[in-house]
Structure formats: structure tokens, C-alpha cells
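Okay, so here's the structure we're looking at.
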Amino acid sequence: MADNSTYAIEMLNITKRFPGIIANDNVTIQLKKGEIHALLGENGAGKSTLMSVLFGLYQAEEGVIKKDGREVKINNPNDANDLGIGMVHQHFKLVQCFTVLDNIILGVETTKYGLLQKEEARKKVLELSDKYGLKVDPDAKIEDITVGMQQRTEILKMLYRDNEILIFDEPTAVLTPSEIDELMDIMRNLAKEGKSILFISHKLAEIMAVADRCSVLRRGKYIGTVNIADTNQDELSRMMVGRDVQLVATKEDKVPGDVILHVENMTVPSKLHHNNAVKNVSFDVRSGEIVCIAGIDGNGQTELVYGLSGLENCTTGKITLSGKDITHASIRERSTSGMSHIPEDRHKHGLVMDYSLAYNLVLQRYFEPEFSNKAGFLKKSEINKYADKLIKQYDIRSGQGAPTIARSMSGGNQQKAIIAREIDKNPDLLIAVQPTRGLDVGAIEYIHKQLIAQRDAGHAVLLVSLELEEVMSISDRILVMYEGELVGEFDPKKTTPEELGLYMAGAKRKEIGA
Amino acid sequence: MTGQEKNKKSGGLLSNPAVQSILAALLCIVIGLLVGYIALLIINPGGATNAIITILKNYFTYPSKQAAMKYLGNTLVKAAPLLMCALSIQFCYQAGLFNIGAAGQYVAGAGAALFCALQLKLAWPVCLLAALIAGGVFGIIVGILKSYLNVNEVISGIMLNWIGLYTVNMLLSGVKETASPYTVQIASVNKSALLPSLGMEKLFTNNKYVTIAIPLAVIIAIVLKIVLSMTVFGYEIKATGIAKDAAKYSGMKEKKNIILTLFIGGALAGLGAAFLFLTGYEQWSVTQSSVPGMGFNGIAATFLGGLDPIGTIFASYFIQHITSGGSYLDKNIYPSQISDFISAIIIYLCGFVLFFKLYLNSYLSRRQERDKNKTVASTNKEEGGNK
Amino acid sequence: MVLLLQYTLLFASVLILVALGGCFSEHSGVINLGLEGIMVMGALGGALTLKYISPNTPALVIVLAVLFASIICGVVYSTLLAVACINLKADQTLVGTALNMLAAAAATVIVKSINIAENPDNVSSTVQYVQTKKALVVSIGSFQFNWFMLVALILLICAYVILYKTKFGLRLMACGEHPQAADSVGINVYKMRWAGVLISGMLAGIGGIVYITAGVSEWKFEVGVAGFGFLSLAVMIFGQWKPLNIGLAALLFGFFRALSNVYSGFDFLAALNIPGSVYNMMPYIISLVVLAFTSANSRAPKAEGIPYDKGSR
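Residue numbers (this note's numbering), protein chains in the order written: chain A, 1 to 514; chain B, 515 to 901; chain C, 902 to 1214.
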């Protein structure tokens, strides 16, 4: 299969610029027929941009695309579809209130007398689903089915259109370990049937497991292509970041102190469904330890944090912070009682994007006497002075310093600003939700160091993370969350990612004492 | 035309947001007047030029300085309530709320002020307070529906406009003139309810309608400017308007702020109505079947003023200036509503202001880049326009 | 009683037409707050047709001509919303409001200019169509059947079929729910949103002429359409953006609106001696109450009100 020397798709010397940055700088990728070709790179390396160019969502300024050796122009997704190119996007492109079938036929509907004909489509979908082992219920609505089934719907969308070249953009991020294995099988199956696959990922183990060849991008530049059979994880990792990386954070052993956060039988309702997102959860976080909530996305972690921070009301349970009952306290009271919160969504919650950096840095403290007087006026000079201090101390880089509008800053520096703000409050408890998501290795290292520094200073840290690597390397204690419940407690030194995976997938559970 | 304007000024000045707002406002006015002129040409080509000049001249049509001053006074008397309505809409817009209910809050304020003045025979400070509260209450209803029941504030605002209109018609039907649908003259039944002039009428050729309402409206605009830009309350309001979720995350009382904002907005519009009706300049018609346009014209003024209280002072004056100017048109040739038509065109164009600024900024940055490229020497020219 | 039924059906027809207009626009992702203004323009087109068409023209031709004129006016006027909100990404609330004010001012200016041109002493904004209006109505006993009731019913059924049974409807709703998804399967979101807005212009245009011809045989354009565009939006929300529910909601609202026209004909209502203003207020109060109960869990199209930008994903 991979010995076929002609290429299915070639992207030659592609350059794509956005205002201020070059997202792809002279990148070349050649996809052989019937192979699984991985595209590796960090967040922001330009993988997604390159694939958007191939899929016709963007047009490249320079370079050519060849299909079966012939030059082609791809101006929109329709052109890509006509050439047999399909894509499973990182964020699924599915209409939530439509059925699986409607989503599959959207854009290529068959009609008779102007009316939709769904019966034939249903037959074809069921055939495809049988052939490739893609189990779906064609009449279920997307909003009611699991993430795994949503992804299978996306794959069926491509197959329904008889696509030959399949792009998978970070497909494993939202899946449980067993679902990942299933996906890998499906991909191998598809390749065997002659489909050519481009697999975008930054997870080395998965690439090693499933790909035939791998091309690496770094900061928009093409680094090289290697045969998976002739390489190893270390080499790939070096190609990806340009240096040896210490993926394991160093920290000294420490005996945890007093209980800072005590949670008893907490239940939080869900905004999306009619059931509870967090069910009867109890746990403690002590001073001088990092407790990590591990789990697959969407198992109640978000709501757990909402309940703790006061963004959502708990229906039952009791929360104590440093001995003080905060179950019914407002968000502001919790914040002033020593809770800091690095939110999951920094654009939605963490920052007022159209405020200046200085105004954002006092978002949790503007009402304190230091920054406003009794008459209700802001002390602007104090605010600016404080902002300058934090900018220097935490190395926050922005165009014009304190007056810079937050929106115009890079993602890494926006996150640094939030971390500076939350840590400088000198909190007893720091809650950090996916603090490293979407950041490059340098920023990730920085943030890990800050979290460990908090722990070493004797504060309590509650980290919610989806990345097992992160969980294993910086936590002192791991709690696994599955379907709104805590199903296991682990010492990172005495467990393995595989064991955690079983609990995260709900295959195993054990009682934990709070 | 616009291109030449832009080229004359330096890029540095043009990238200043305040300059951009003023430029955008002027552009809206020019295009609005142009469209109005075209409409006049279609109706009757002969007198169109004179007609548009009449609208723009307003009280300057009077040759004597005294008469001009007197009618300048009249324009100001009506500009004050317009400014208040504009401020009402603007204040709410800062918190992310489109207070189209200002029209109804204005109606409520008018009803309360006139009821207190004519029926209860109370003095003007009490009447002002009543108008303020009535407008505020109408605002609060919208606020509660919005924050607790997720009702779109535009739709509830419109509904309350009509409810307010019919309620006030009922309320004031007891104090109307027997022979007409208009409420009785305040001067004839309760002089104490008339706003004091503090001698200002002398400046305007004894125009007795010129009262403290005019300076008060301007002072309120300045106060709002200070509140929005310098206080904790302004910081919270604007944060709620720009980023509701971030405001909630930081512990601001988002629901309370929404309700409070709409109360203030309603109070401003209600007060605006009192500023007009307590001068005796206008009487309320208890059979009117459409909501007074003052609240809607406020939308034009506030957006034309670049959503800035100080800019809104000038914008309100301008809108009232051309509206008053419209009444000098020869009724038997041109409808006076041509002024409303121009105002409406201006609001429509204000919708493009954001686009205009984006375009201007991308044009400026492209030009900057082009200049940079030129100095580097080898230039591969690309024509601007396709972004 | 017959009169009440007749007015209920008439006003319900208006609400159905305009609410369906809002429904198409919102399903495509554009909040159309300019429905009120579009109604005025549609009413103007229809009224002028009635004014100028010869009363001797066959009734069917008159009905069709009036419909055609209203549709053209509504559609043309709604392009102002489409350009601003879809292509130039303007604030949809602001533009909708501007269109309402513009329509009221423009219609008044146009009608007054026409009246003045005919007779310089006639400075009113009223259009009369006493003779030709009769073509719209067929008397069945004491019930006056209006052809527009049939039009509304047909369009209601059409709307249901188009939204749920055709390719166009599927694609339209995809654009309002998840435009990025629609784009990724090759649907032109801008085109679909244009279609949604123009259809809403067509329906609201018809709604406008039905409204002004419901009772009297002349219309004063200074008063506009009394918030009916917004009442229709309330009907749409109450009907949860679904055509058949909208039909039922419109009947309820239509009933209360009809009551304010005919309450004096009912002895027991007249005996209560409630001021007319109260009846006039009823539809607005009802809609506030209904909105208060239905808005919290609304199933509005997810992407409505957000301008679509191809660049941002």
C-alpha cells in the first residue's frame, strides 16, 4: 500500500500570511496513496492553517497544490469535496439540533420534486457504518449523543461524499483511551481500503502507534519528514520543539499541611442536560499540595469548578475554605476569602478583552481601598503603578505595556496576565482549570513552575487537567472524575497513565475517603 | 471625496479613535443630508436647494438677531429632552443594553410630571422627582424581565412604550381642556410647577420656555461622562457591557447592575420629558395614538455622538436643529418629515461606523506597510481594496 | 361574534405572515428588528396600488397586483438590512431600529408629497382606497372573508414544508445554528442569510398591507403599524420559531387585538365600562406576560445575531 510511489496530494512550498504573522512559511507536504501521514507540531505551529488551506477555507499566497500529480486550485470546501478531500475538524462542524442523518447529508442532499429524499441516504449511511465499523444512530440528535458518536458522524460525512483523502485534525483530544484505540483501528481500516489519511496531532505516542510517515512543523516552518519505522519519540519531540524538553517538572517532596478546601457531598446541576453534572462529590485539598482532577473532557470538571467558585449554585453539599463555610457565599466573597481561580475559558471569563491590561490586572481587586476611594472613584495612577509592577514581575509582554488592550495580546501573555492577577492576590487556594491549554512549550513550562511555586509557598492548588502527561508530572495527588463522580484517588508515583485511563473511561472505580 | 479627506491628514492623527469618531459622524451627516437633498429634488426640483438650506438654517432664517435668538431658544428647549433620551440610551448601551424603551420611559415621565403639576398641583421639584421615578420604574420592569427572565430588552421595551402611551392617555384625560384633546396649560392652573428660568429668558429675547432644564441636561451629560470613565460603577457597567461572563466571574453583581442601569436610563428619559413639559412649551394630547418620537430620535443622537456623553451634547443639538429646521419648509410643497427622514438615514449610516473604522484602520496599516516596502526599494505593487 | 371571529382571523393572518418573516430571517441567523419598518413599506406599496388601480379591474387581478406590489416593496426595503447586517456586519439591533424609523419617515414623506402634488392644500399623510378595497373581500353571510386570510394559510403551510422538507430549509437552518458547519460543507452562508432576510421582507411586506386594510378604507401613514412588527416577534418567540406553533400563537394574539376593535359590540363588555385604552393595551400586556414565561428556555437559533465572518473560525 505505502509502496505506491505516486502521491495522492502534494502541497508544495505553501506560504500563508495573516496580519502580523506568517502562519505557514514555505511548507511542503506529500501524502502517498493509502498511507497514514502524521502532521506533528506544537500549538500554533501552523498545522491547522495548512489543513485549512488544503480544505479551501483559506487561500495560500504562494505555493501549489497537486492532486495525483496535477496542479489544482482549491478556493472553497466545495472544490475540496470535488477533489475527494474531506476533513474531521478539531471542533466538530455539526449542527446540534439536527439528526445524525441530516448532518451527514447537509450540502449534498438528494431531492425529488424539490423535497428531501432521506431513505436512500439512510441506506447508504447504514451500509458505510457497517463496512467500517462506525456505529451511529441516524435518527438521534447530535446534542443527545456522545462525543465519540459525534466523531463517527463526522467520519461518515466524509465517507458519504466518497472522499479519498481524509484529514483528521487533532481527533483524539476529546476521546477516552478506549475510544482512541477504536479510532486508531478505524483509521487503519480506512487506509487498508485505499483511503489516504492526514493525521494532525501533537501526541507522540499516537503518531508512533498509527502513522506510516510523519512531517513536522515548527513555528510555521517545515522541519522535515521521517518514516515512523526509522524514528523514535525523542527524535520527533526534538524536531517539534527544536531542543530537548524536560517534560517532567522537577519538584521536591513536601508533606501537606492543614486542610484548606473541604468539600462534602457537593451536587451541581447541569446547564446542558436535565441531570446533575456533579454528583455528591467529597474531597479535601491541603496546604502545600497540588491536587489534580483528571478526566476526559465533559465529565463534570467544568461544573465542579463552577460550583466551587460560585459561578453556579450547588443544590446540595457543603464547601469550607480555610475553616470558613462558603457554601452560600457570593463569587466576590469567595474571592476575597482567599480563593483564586484561573478559568477554563480565558476569553469568556478570564479577561475583559476590550479593557486595557491594567484594568484587567485589577479585575479582582478594583474595589479595594488601594485602587478606589470611598467616593467610588478609581485611583488610576495606583492601578497603573500596580500593573507595571505585575508586568515586570511576571514578564507579561504586550505592545504598549499597561494601556495595551487585552484583545491585542498573544494567548500566552493573556494567560500570564491572568496568572499574575490570581497569584498576586496571595490566595490560600488556587484553582487552575486547564491553565496550559493551547500554549507553546515555553509558556507551559512557565505555568507549571508558577503552580509548583504556589505549592512550595504553602498554598493549596487544585488543578483540573485533561492532559495525562501534565497530571502525572506536577500533581501530588490525583482524583479521577467520571460522569460527575470521583471514581478513584491515586498517588502519581504509584500509578500509571494506563491505570488512570481505565478509571477515566469508567471501566473501573473505587471508593475514596474524603 | 472621502479618500481626499483622508489623504490630507496625517496617518497619526487619523488613527486616533476620537478623531475617527468625529470623522465618521461628519461623514454620516454629509451623506444623510445628501440623501435628503436628493429626496427633495425628486419631490420638487425647483425649490430643493432652498429647502435644504432652510432646514440647515433653522432659526437663522429670521433676519433680526432678536428673533433668531428667540427661536434658537426654542430649538434648545427641545434639544434638552432629546439629549436626556440620548443619554438614557447611551448609558444602557454601555452595559450592553439597547434601551429602545426610552421612548416609553419618556412617556411615563411626561405623564407623571403633568399629573403632579395639573391634578395634584405640586411644585416643580416634586414634579421632576415624580417623572424621574416613573421613568425609572419603567426601566426597572425591562431590567427585571431581562436579568431574571431573559426577555429581549428591545421587544419588552417596545411593548412598554405602547402600554405607557395608553396608560398616560388614560391618566391625563382628567386634566384635559374641554374643547381639545390637549392637557390644560400649566401656566393657567399651577404656576409653581413651571421650571424656573433664573433670568436666562433675557438672553433669548424673553423666550419664557428657556429654563434651567437646558443647563441641567448639559451638566447631567458631563456627570455621566465622569461616572463612566472614572468611577468603580462605570468600570463595572462597562465590563458588564463588554464581557458579561467576565464580569460575573470577577464577582460583579451582573443582575443588579443590569437593573440599576435600566433604572438610571429610565430616570434620565423620564426626567427629559419633565424638562420639556414643565416648561409649558408643549401640551400632551390624550388621544395620540403613536409614541412620541423623542425617544427614538435619541438613538440617532447617541450614535451620532459616537456613544460619548460630550459628543452626544453636540449631536443632540444637531438632530434637533434640523428637526426644527424642517418645520420652516413650505408645507404646501415639502413635508416637514423630511427632517425625520434625514435623521433616520443618519442612524442607519451609524450602523456602518464600526465597519468604517475597521476599514480605515486596515487602510492605514496597509499604507504604512506600503511605505515601509517602498523604502526597502523593490516594490511589488498591490492595489488596495481586496482584503 | 362574527365580527370578533373575522377580526381575530384577520389580525392572526397579519401576525402569522410577519412572524413567519421573522422566523425565516432568524433561522438564517439574522435578527430582524426592522419588521415593523418593512411592514410599513409593504403597506405603502399595496396602498398606492389600491389607490391607482381602476376599480373596474377584476377582483383577482387587484388582489394579485396588491400582493405583488407589497412583496416588491418589502423585499427591496429588506435589502437595506441585508447589506448592513450580513455584508457590513453592522449592529443588527441598531440597523433594525433605523429601518423602522426610516420607513415611518419615508412613507410619510412619500404620501404627503403625492397628496401635495395632487392638491397643494392636502397636507395629510392619508391614502384612500374605498372602492378598490372591496375587491379584497367576499361576504359569506355576515362574515366578510378576506382573501389575505387564505394567503396567510397557504404561506403558513409553505413555510412548514420549506423549512422541514426541502434542501433549502435544511441549509437555511444550518446557517442559523452553526454557520461554520454550513460553510465547511460548501454552503454559502452569506447567500443563505440574504435569502432568509429577503423572504422575511416578502412576508412582512404582505403583512403590512393586510394590517392596514383590515378595518378602515384609508390609512394615515404617520401612525405606522403600531408595533405589530414587534408583536409578531413576540408571536415568533412564543411559537418557538416553529411555523405551526406560530400559527396557534398568532390566533391567541389576534383574538386580543380583535377585542380592542369590537369590544363595544358586546353588551357585557360594554357594561363593564372599561376605558378603550385598556383594550388597546391588551395585546402588548399579553405579549409581555407571554415573553416573561417563554424567554428563559427559548430555543432560538444559536448563531442568530452574530455576523458571520469567514476569517474567524
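We treat Cβ as the ideally placed atom computed from N, Cα and C, and that holds for glycine.
Quiz item: With DSSP run on the structure shown, which of helix, strand or coil describes A/Gln96?
Solution: coil
Quiz prompt | Closest by C-alpha distance to C/Val1086, when choosing among A/Tyr482, A/Glu109, A/Gly484 and A/Asn413 | solution = A/Glu109
Self-check item: C-beta atoms of A/Ile423 and A/Leu429 nearer than 8 Å
Solution: no
Quiz prompt | A/Ser356 in three-state terms, based on DSSP | solution = strand
Practice problem: Count the other CB atoms, across all protein chains shown, that sit within 10 Å of the CB of A/Asp162; report buried if there are 16 or more and exposed otherwise. | Solution: exposed
Quiz prompt | CB contact flag (B/Gly649, B/Ile614, <8 Å) | solution = no
Practice problem: From the DSSP output, in three-state form, read off A/Arg17 for me. | Solution: strand
Practice problem: Give the residues from the stretch 90-115 of chain A that approach chain C closer than 9 Å (Cβ to any Cβ), ordered along the chain. | Solution: His91, Phe92, Lys93, Leu94, Val95, Gln96, Cys97, Phe98, Asp102, Asn103, Ile105, Leu106, Gly107, Val108, Glu109, Thr110, Thr111, Gly114 and Leu115
Quiz item: Which residues in chain C sit within 8 Å of A/Pro497, going by Cβ to Cβ distance?
Solution: Result: empty, since nearest Cβ-Cβ is about 31 Å, beyond 8 Å.
Quiz item: Within 8 Å (strictly less), CB to CB, does C/Lys1068 reach chain A?
Solution: yes
Practice problem: Check the Cβ-Cβ distances between B/Ser892 and every residue of chain A, and say whether any is below 8 Å. | Solution: Reliability of the predicted coordinates at B/Ser892 is poor, the pLDDT of 43 falling under 50, and the value obtained from them is presented with this limitation in mind. No, B/Ser892 does not count as interfacial toward chain A.
Quiz item: In or out: C/Gly1116 buried (at least 16 other Cβ within 10 Å) or exposed?
Solution: exposed
Quiz prompt | Min CB distance B/Met673 to chain A below 8 Å | solution = no
Self-check item: Min CB distance C/Ala999 to chain B below 8 Å
Solution: yes
Self-check item: Per DSSP, cross-strand counterpart(s) of A/Asp325
Solution: A/Thr320
Practice problem: Report the rounded CA-to-CA distance for A/Pro177 versus A/Lys449, giving the unit in angstroms. | Solution: 28 Å
Practice problem: Leaving aside the five residues before and after B/Asn900 along the sequence, list all residues of the same chain whose C-beta is less than 7 Å from its C-beta, in chain order. | Solution: Model confidence at B/Asn900 stands at a pLDDT of 37, short of 50, so the residue's coordinates are unreliable; what they give is reported in the following sentence. Hits under 7 Å: none found.
Exercise. With B/Thr775 as the anchor, note down where its alpha helix (DSSP H) starts and where it stops.
Key: Glu768 to Phe791
Quiz prompt | Within 8 Å, strictly: CB atoms of A/Ile478 and A/Gly220 | solution = no
Quiz prompt | Coarse secondary structure for B/Ala829, derived from DSSP in three states | solution = helix
Quiz item: So which residues on chain C does B/Met684 lean against when the C-beta distance must stay under 7 Å?
Solution: Pro1176 and Ser1178
Quiz item: Out of A/Ala417, A/Gly401, A/Asp388 and A/Ile331, which has the shortest C-alpha to C-alpha gap to A/Asn360?
Solution: A/Ala417
Practice problem: Name the two residues that bound the continuous beta strand (DSSP E) containing A/Asp82. | Solution: No beta strand (DSSP E) holds A/Asp82; the alpha helix (DSSP H) holding it covers Pro77 to Asp82.
Practice problem: Return the residues of the stretch 340-354 of chain A that lie within a Cβ-Cβ distance of less than 9 Å from chain B, sorted by chain order. | Solution: His341, Pro343, Asp345, His347, Lys348, His349, Gly350, Leu351, Val352, Met353 and Asp354
Practice problem: Please say whether A/Gly63 and A/Ser196 have beta carbons closer to each other than 8 Å? | Solution: no
Quiz item: What are the partner residues of A/Ile342, as DSSP defines its beta bridges?
Solution: A/Ala432
Exercise. Please list, in chain order, all residues of the same chain as B/Ala594 whose beta carbon is under 6 Å from its beta carbon, the five residues on each side excluded.
Key: Ala727, Ile728, Ala731 and Phe789
Quiz item: Between C/Thr950 and C/Ala970, is the Cβ-Cβ spacing less than 8 Å?
Solution: yes
Quiz item: Which class does A/Cys530 belong to by DSSP, given the choice of helix, strand or coil?
Solution: Nothing about residue 530 of chain A can be reported from this structure: the residues present for chain A run from 1 to 514 only.
Practice problem: Please work out which residues of its chain come closer than 6 Å, Cβ to Cβ, to B/Glu691, disregarding the five sequence neighbours upstream and downstream, and give them in chain order. | Solution: Val698
Quiz item: Enumerated in chain order, which unbroken segments of the alpha helix (DSSP H) with a length of 4 residues or greater are wholly contained in the stretch 1107-1195 of chain C?
Solution: 1129-1139, 1144-1163, 1168-1173 and 1177-1195
Exercise. Check whether the Cβ of A/Pro269 lies closer than 8 Å to any Cβ atom in chain C.
Key: no
Quiz item: Cα-Cα, which of A/Lys374, A/Phe283 and A/Glu120 is closest to A/Val487?
Solution: A/Phe283
Quiz prompt | C-alpha gap between C/Gly1045 and C/Val1038, whole angstroms | solution = Residue 1045 of chain C is actually Gln in this sequence, not Gly. C-alpha separation (whole angstroms): 6 Å.
Quiz item: Does DSSP put B/Ala532 in a helix, in a strand, or in coil?
Solution: helix
Quiz item: From C/Leu945 to B/Gly713, what distance separates their C-alpha atoms?
Solution: 49 Å
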